[in-house]
Amino acid sequence: MRPAIVSLRALALAATGAALLAALPFLLTQGLLNAAIQMLIAALFASAYNLLCGQAGMLSFGHAAYFGVGAFGTVHAMNAVGGAGLLPTPLLPLAGAACGLVFGAIAGWFATQRSGTYFAMITLAIAELVHSLAPHLKGLFGGEAGVSTMRMPAWGLDFGSTLQVYYLTLAWVLVSVGLLYLYTRTPLGRLTFGLRENSHRLRFLGYNVHGLGMLVFALSAMFAGIAGSLQVVSNESANYVVFDPALSAAVVLNTYIGGVKVFLGPALGAALMTFFGYAVSDLTQSWLLYQGILFVLVMMFMPSGLAGLGGTTARLRQRFDLARIVPLVALSVGAALLLSLGGTFAIEMLQRVFSQDYRAMARLQPAGAWPPLQFLGRAWLPAAFATWAVPAALLASGAWLAHLARQRLRALADAESASAAGANAHPSTRLAAHPGGTA
Amino acid sequence: MDQLIVSLMNGIVYGLLLFMVSAGLTLIFGMMGVLNFAHASFYMLGAYFAYSLQGVIGFWPAVIASPLLVGVIGVVVERFFLRRVHHHGHAHELLLTFGLSFIIAESIKLFFGNFPVDYRIPAALDVPAFSLGGAQYPAYRLVMGGIAIAMFVAIYLLLTRTRVGIVVRSAIYKPRMAEALGHNVPLVFMGVFGVGAALAGLAGAVAGAFYTTNPNMALELGVMVFVVVVVGGLGSLGGAMLASLLIGVITSLAVGIDRSLADLLALFGASDWARGVGGLLTLKVSSLSATIPFALMLLILLVRPGGLMGEKG
Numbered sequence: 001m002r003p004a005i006v007s008l009r010a011l012a013l014a015a016t017g018a019a020l021l022a023a024l025p026f027l028l029t030q031g032l033l034n035a036a037i038q039m040l041i042a043a044l045f046a047s048a049y050n051l052l053c054g055q056a057g058m059l060s061f062g063h064a065a066y067f068g069v070g071a072f073g074t075v076h077a078m079n080a081v082g083g084a085g086l087l088p089t090p091l092l093p094l095a096g097a098a099c100g101l102v103f104g105a106i107a108g109w110f111a112t113q114r115s116g117t118y119f120a121m122i123t124l125a126i127a128e129l130v131h132s133l134a135p136h137l138k139g140l141f142g143g144e145a146g147v148s149t150m151r152m153p154a155w156g157l158d159f160g161s162t163l164q165v166y167y168l169t170l171a172w173v174l175v176s177v178g179l180l181y182l183y184t185r186t187p188l189g190r191l192t193f194g195l196r197e198n199s200h201r202l203r204f205l206g207y208n209v210h211g212l213g214m215l216v217f218a219l220s221a222m223f224a225g226i227a228g229s230l231q232v233v234s235n236e237s238a239n240y241v242v243f244d245p246a247l248s249a250a251v252v253l254n255t256y257i258g259g260v261k262v263f264l265g266p267a268l269g270a271a272l273m274t275f276f277g278y279a280v281s282d283l284t285q286s287w288l289l290y291q292g293i294l295f296v297l298v299m300m301f302m303p304s305g306l307a308g309l310g311g312t313t314a315r316l317r318q319r320f321d322l323a324r325i326v327p328l329v330a331l332s333v334g335a336a337l338l339l340s341l342g343g344t345f346a347i348e349m350l351q352r353v354f355s356q357d358y359r360a361m362a363r364l365q366p367a368g369a370w371p372p373l374q375f376l377g378r379a380w381l382p383a384a385f386a387t388w389a390v391p392a393a394l395l396a397s398g399a400w401l402a403h404l405a406r407q408r409l410r411a412l413a414d415a416e417s418a419s420a421a422g423a424n425a426h427p428s429t430r431l432a433a434h435p436g437g438t439a
Numbered sequence: 440m441d442q443l444i445v446s447l448m449n450g451i452v453y454g455l456l457l458f459m460v461s462a463g464l465t466l467i468f469g470m471m472g473v474l475n476f477a478h479a480s481f482y483m484l485g486a487y488f489a490y491s492l493q494g495v496i497g498f499w500p501a502v503i504a505s506p507l508l509v510g511v512i513g514v515v516v517e518r519f520f521l522r523r524v525h526h527h528g529h530a531h532e533l534l535l536t537f538g539l540s541f542i543i544a545e546s547i548k549l550f551f552g553n554f555p556v557d558y559r560i561p562a563a564l565d566v567p568a569f570s571l572g573g574a575q576y577p578a579y580r581l582v583m584g585g586i587a588i589a590m591f592v593a594i595y596l597l598l599t600r601t602r603v604g605i606v607v608r609s610a611i612y613k614p615r616m617a618e619a620l621g622h623n624v625p626l627v628f629m630g631v632f633g634v635g636a637a638l639a640g641l642a643g644a645v646a647g648a649f650y651t652t653n654p655n656m657a658l659e660l661g662v663m664v665f666v667v668v669v670v671g672g673l674g675s676l677g678g679a680m681l682a683s684l685l686i687g688v689i690t691s692l693a694v695g696i697d698r699s700l701a702d703l704l705a706l707f708g709a710s711d712w713a714r715g716v717g718g719l720l721t722l723k724v725s726s727l728s729a730t731i732p733f734a735l736m737l738l739i740l741l742v743r744p745g746g747l748m749g750e751k752g
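Top to bottom, those sequences are chains A and B.
In case it helps, the numbering used here puts the first sequence at residues 1 to 439.
In case it helps, the numbering used here puts the second sequence at residues 440 to 752.
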């Protein structure tokens, strides 16, 4: 019997997730619901991006172009026919998808001529080309003001409330992510993995590698276009700012923080990062810095991303009994908490000390006195030792816990390999090799 | 005519500046195969360091000290960041430097604010060199060009005429063989990375005073530098020089052209049609000046993928 395309367990999980997302509006306030829409869009964008960079192994630094093209395609479709719209509102993302697909196919034809670093450079150049051209083409991109539009009622719904927009977005994101998942199960999806692993071999097997790469590129751009389209439907406007390199950068960061090896990893990363960006935007001005630091930490210490953490824990669970893992996990979590607390404290204090307001205030003070800073509900003196001792102590204790966790992990691994070696070896040599017995 | 000469000279000076930054980038790529996304961030760091130091130690000492500091940062990046992820492959290294460039830009915003800082050339240097057709040409532009040319000559002599240069070139050409012959190749890599970063820092320290010094300067110049190294051929110093000058001159000249494609088509009597179509056809070349380098890069990648002076791709 052929294995099922989607296992029952995965199907049940997906259904539960979808039901949870559908129930979300009853739990959230209006502001959070808007944030949820942005999270869904970012999740779809990251999933689309991951088709290209994670599954096909083609690193693009200019994916904002396809998001933006989808967005502008939709805004013009909405304004077409004298404002009545080319398509009924629920089907508008199809316009974004079409624009993304066509533009993606053209750009992909260029970009997939080369691979590796060159590919990354071409995608960057195409995105910059569009970005530098867009402000000048006022007819198409509306100049500084952008293009605004209205959601028209359709199918008995008026799309006036955030709730209806949320469900529209949710439906499109679920369908798109579902299609992206099913794509990975098709022969074409398998070929996409082959493109990443060994494109020479694919060519040797007789596949048209350039055509395949272009197709994957176009599909990824199509789903990015849907994401852009959903943003326009939600915001009722589009501006050439969507072509900004910052958006291309954000999707790269989100995708890798989430983890490219797991299908839902990028979506998870993008949703989390967007949520944090929304949640902390009032609290800090340095959110992008935190995001950058998190990205570099992920790249250096856990290349499989946040989603990979689950897999790592499961593997540990398989190898060792629970009693040994719990302290290890506790230590790691403690270390991560302390390190991030210390880091955040230091960055926030620095940010406040170097802010314009504070420097202006310090200048007004008599000769060289540093006025105290308000942070976390108490006053801190920037020149005082105690102020910087707090983050230093947090960071140091976090580093110490991390060191302990590493030691423990190494001890566990040593013990395992020792017992494995012991089981294979002859009893007498076992004693000779390990005089300490089972230590 | 005078205007043409002035914009030609501006273009050459801008091209030389591009070369100062792209030289390090192309050397690092040729050697390690890493396209360092953070390279333009080193340029920005150079400008900001020089800005912070000039109040304390004066302009010229700051211009000398800041590249050294940037070089140290470059060494740290290579030793403690890139080398750690080397076994994950080039894509991983590219992403790591991408993240680092992000962190550097955001840190600059944190310390100096998200706006241009007041980094200026000293009054003694702010004099015209000569006047041409009523317009005065700033001497500092000539100083910048001179520094860049001196740098090119110095690197060229260092690489071709000294023992260090031979070791570096052999490490670029056949790293394993050089290592087998007893040279410390990782040290060479670290050194080249540091020197490349320092060169970018020098460019920043010199040019930041003339152009604006703001947190976006890395991004703005960075993309242009990528264009330069791709057009010139990744890993080729001469190609970087050629492409820098080419792009500098083209962008500088394009700014002065107040014509559009429609005017060109008018020669064939298609003017009305072109104006009817609008869009790209009626855009002035001057407003396209930022776009032309990218179009040029796409063209080069299609017809000569290895770049102007690179190896056949």
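Yeah, the Cβ is synthetic: ideal placement off N, Cα and C, and Gly gets one too.
One alpha carbon belongs to residue 261 (chain A), the other to residue 197 (chain A), and they sit about 13 Å apart.
Look at residue 281 (chain A): its C-beta is not under 7 Å from any C-beta on chain B.
Taking the beta carbon of residue 474 (chain B) as reference, the chain A residues within 8 Å of it are 117, 120, 121, listed in sequence order. Under the three-state reduction of DSSP, residue 723 (chain B) is assigned to strand. Residue 256 (chain A) is not bridged by DSSP to any residue. Here residue 148 (chain A) is bridged, per DSSP, to A:237. In the assembly as shown, residue 38 (chain A) is a buried residue. Its beta-carbon has 16 or more other beta-carbons within 10 Å. Annotation for residue 291 (chain A): 253, 273 place their beta carbon closer than 7 Å to its own, counting only its chain and skipping 5 residues before and after. Per DSSP, reduced to three states, the secondary structure at residue 60 (chain A) is coil, with no helix or strand assignment. Taking 7 Å as the CB threshold, residue 722 (chain B) lines the interface with chain A. Interface flag for residue 470 (chain B) against chain A is unset, since no Cβ pair is found closer than 7 Å. Residue pairing of residue 556 (chain B) in beta bridges, as defined by DSSP: B:652.
Interface with chain A (7 Å Cβ-Cβ cutoff): residue 670 (chain B) is excluded. Counted as a single uninterrupted DSSP element, the alpha helix (DSSP H) harbouring residue 499 (chain B) occupies residues 498–515.
For a cut-off of 8 Å, the C-beta gap from residue 405 (chain A) to residue 335 (chain A) is around 6 Å, short enough to register as a contact. Distance between residue 647 (chain B) and residue 615 (chain B), taken at the CA atoms: about 39 Å.
In the DSSP assignment, residue 371 (chain A) is bridged to no other residue. Interface flag for residue 125 (chain A) against chain B is set, since a Cβ pair is found closer than 7 Å. At the C-beta level, residue 220 (chain A) and residue 92 (chain A) stay beyond 7 Å of one another. The C-beta of residue 58 (chain A) comes no closer than 7 Å to any C-beta of chain B. Going by DSSP, residue 574 (chain B) is part of the beta strand (DSSP E) stretching over 574–577. When CB distances to chain A are screened at a threshold of 8 Å, the residues of the segment 725–736 of chain B falling below it are 726, 727, 729, 730, 733, 734, 736, in chain order. Under the 8 Å Cβ criterion, the segment 13–31 of chain A does not count as touching the segment 140–159 of chain A, having fewer than three qualifying pairs. Residue 549 (chain B) has its alpha-carbon roughly 6 Å from the corresponding atom of residue 351 (chain A).
Put simply, of B:564, B:627, B:537, B:673 the residue whose alpha carbon is nearest the alpha carbon of residue 649 (chain B) is B:564. When secondary structure is reduced to three states using DSSP, residue 263 (chain A) falls in the coil class, being assigned neither helix nor strand. Boundaries for residue 743 (chain B): no beta strand (DSSP E) harbours it, and the DSSP string shows neither H nor E there. Taking 3 residues as the shortest admissible run, the segment 321–377 of chain A contains the following complete beta strand (DSSP E) segments, listed from N- to C-terminal end: 373–375. DSSP places residue 630 (chain B) inside the alpha helix (DSSP H), whose first and last residues are 624–647.
535, 537, 538, 539, 540, 541, 542, 543, 544, 545, 546, 548, 549: these are the residues of the segment 535–549 of chain B whose beta carbon lies less than 9 Å from some beta carbon of chain A, given in chain order. The contact set of residue 531 (chain B) on chain A, defined by CB atoms closer than 9 Å, consists of 299, 303 in chain order. Here the segment 615–627 of chain B makes no contact with the segment 454–467 of chain B; the two share fewer than three CB pairs at distances below 8 Å. Proximity to residue 639 (chain B) across B:689, B:685, B:586 peaks at B:586, based on C-alpha coordinates. Take residue 165 (chain A), set aside five residues on each side of it, and the residues of its chain with a beta-carbon closer than 6 Å to its own are 234, in chain order. Taken in chain order, the complete alpha helix (DSSP H) segments of 4 or more residues contained in the segment 261–303 of chain A are 265–280, 287–301. Residue environment analysis places residue 691 (chain B) among the buried positions, since at least 16 neighbouring C-beta atoms fall within 10 angstroms of its C-beta.
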